[in-house]
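A.B. asks:
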Amino acid sequence: MNKLTIIFSSISFFLISCGGGGDMDRPIYNTDVIVGDWLFESNCEEYVLGVDTIFLSNELPDTISIFSNSDNSLSIDAGDNTLDASINIDGDFFIRYQSFRAFLDLGVISDTATVYLTGDGNFSSDSTATMNLTFTEPNLPGQIDCTVNLSKLD
Numbered sequence: 007m008n009k010l011t012i013i014f015s016s017i018s019f020f021l022i023s024c025g026g027g028g029d030m031d032r033p034i035y036n037t038d039v040i041v042g043d044w045l046f047e048s049n050c051e052e053y054v055l056g057v058d059t060i061f062l063s064n065e066l067p068d069t070i071s072i073f074s075n076s077d078n079s080l081s082i083d084a085g086d087n088t089l090d091a092s093i094n095i096d097g098d099f100f101i102r103y104q105s106f107r108a109f110l111d112l113g114v115i116s117d118t119a120t121v122y123l124t125g126d127g128n129f130s131s132d133s134t135a136t137m138n139l140t141f142t143e144p145n146l147p148g149q150i151d152c153t154v155n156l157s158k159l160d
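Take 7 as the starting number for the sequence shown in the working numbering and just add one per residue.
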């Protein structure tokens, strides 16, 4: 009888201690504090294409706007481009692989081209962040890496 009581007590304790966690919400980053306009200071590698050099920093916007309409999701307006990103509880954000329209001035030819980017970054405070971006074009070798400092304007 003693063994039966111990087994029953152990099972009851196990069931009570393991239950109840299913309804807990996942913690989210408070995106309200980062929504707004940001100064966008980029430092990009040069890309040599034959006799021409692409200075991508010159073609990127000076400011961006950050919006959020759902948990752990960001929308980044960068000139004519809108980037989708996800953010975790620590303020780390991730920009999935997506297209980006950039004006490229190659001296003889100037045109808008579709390139692709991916990236990540971190909001170290409500008013400062860093971002690392990698731009690629499937028909060209190599990539352009950029480091971006962000400072909140409002």
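We treat Cβ as the ideally placed atom computed from N, Cα and C, and that holds for glycine.
From the DSSP output, in three-state form, read off V154 for me.
C.D. replies: Residue state, collapsed to three classes: strand.
A.B. asks: Could you tell me whether the region 55 to 68 touches the region 125 to 132, where touching means 3 or more Cβ pairs closer than 8 Å?
C.D. replies: No, the region 55 to 68 is not in contact with the region 125 to 132.
A.B. asks: Work out the CA separation of L55 and F141 for me, nearest whole Å.
C.D. replies: Whole-angstrom Cα-Cα distance: 14 Å.
A.B. asks: Going by C-alpha to C-alpha distance, which of N94, Y53, F46, F73 sits closest to I150?
C.D. replies: Of the candidates N94, Y53, F46, F73, the one whose C-alpha sits nearest the C-alpha of I150 is Y53.
A.B. asks: Does the beta-carbon distance from I70 to L80 come in below 7 Å?
C.D. replies: Taking 7 Å as the Cβ cut-off, I70 and L80 do not qualify as a contacting pair.
A.B. asks: At a cut of 8 Å, does the region 40 to 53 reach the region 145 to 159 through at least three beta carbon pairs?
C.D. replies: Short answer: they touch.
A.B. asks: Does L21 come out as helix, strand or coil in the three-state DSSP assignment?
C.D. replies: Because L21 carries a pLDDT of 49, less than 50, the predicted location of this residue cannot be relied on, and the following value inherits that uncertainty. Helix.
A.B. asks: What does the alpha-carbon distance come out to for the pair K158 and D132?
C.D. replies: K158 and D132: Cα-Cα distance of roughly 8 Å.
A.B. asks: Determine the extent of the alpha helix (DSSP H) in which L47 is found, giving its start and end residues.
C.D. replies: Reading the sequence as shown, one finds Glu at residue 47 and not Leu. Note, E47: premise wrong, no alpha helix (DSSP H); beta strand (DSSP E) at 42 to 50.
A.B. asks: Between R102 and D90, how many whole angstroms is the CB-CB distance? I'm expecting something under 8 Å.
C.D. replies: Contact holds; Cβ gap of about 7 Å.
A.B. asks: Where do the ends of the alpha helix (DSSP H) carrying S63 lie?
C.D. replies: Run containing S63: 62 to 65, per the alpha helix (DSSP H) assignment.
A.B. asks: In three-state DSSP terms, what is D132?
C.D. replies: Looking at D132 - three-state DSSP - the assignment turns out to be coil, as it is neither helix nor strand.
A.B. asks: Just curious, the beta strand (DSSP E) that V54 is in, first and last residue?
C.D. replies: Unbroken beta strand (DSSP E) run through V54: 53 to 55.
A.B. asks: Which word fits S74, buried or exposed, when buried means at least 16 other C-beta atoms lie within 10 angstroms of its C-beta?
C.D. replies: Answer is buried; the Cβ neighbour count reaches 16.
A.B. asks: If you draw a straight line from the C-alpha of D160 to the C-alpha of Y35, how long is it?
C.D. replies: Answer to the nearest angstrom: the Cα atoms are 19 Å apart.
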